[in-house]
Amino acid sequence: MAKIKVTKVKSAIKKPGRQKKTLEALGLKTIGQSVEHADTPNILGMIAKVKHLVSVEEI
92 MAKIKVTKVK SAIKKPGRQK KTLEALGLKT IGQSVEHADT PNILGMIAKV KHLVSVEEI
């Protein structure tokens with residue numbers, strides 16, 4: 092499977108708790124932090140829910 096790099100670019104302050112938990116589940120805590128994940132439907136669905144807080148690039 093392909094890999095994607097997810098970077099947190101905006102703060103989760105004043106965002107719903109569900110979005111905060113999604114960012115935490117993706118492994119993102121601080122702004123500028125990046126993580127690599129497999130390109131699976133589960134991960135893509137999580138990214139879709141917080142797309143306004145992260146940037147995504149394919150590796």
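Just so we're aligned, residue 92 is where the sequence shown starts under our numbering, counting upward by one. From the three backbone atoms N, C-alpha and C, an ideal C-beta is built for every residue, glycine too.
Among the options, nearest to residue i - alpha-carbon criterion
i: V100; options: V141, G108, E149; result: V141
i: K120; options: I134, G136, N133, L144; result: L144
i: L117; options: K105, M92, T131; result: T131
i: A128; options: A103, K105, I104, I150; result: According to the sequence as given, residue 128 is His; it is not Ala. Comparing Cα positions, the closest option is I150.
Where residue i sits in the DSSP three-state scheme
i: I122; result: coil
i: T131; result: coil
i: I150; result: coil
i: K96; result: strand
Cutoff 7 Å; reference residue i; Cβ partners in own chain excluding five residues on either side
i: I138; result: V97, V145, V147
C-alpha gap between residue i and residue j, whole angstroms
i: K111; j: I95; result: 20 Å
i: G108; j: M92; result: 30 Å
i: I104; j: N133; result: 24 Å
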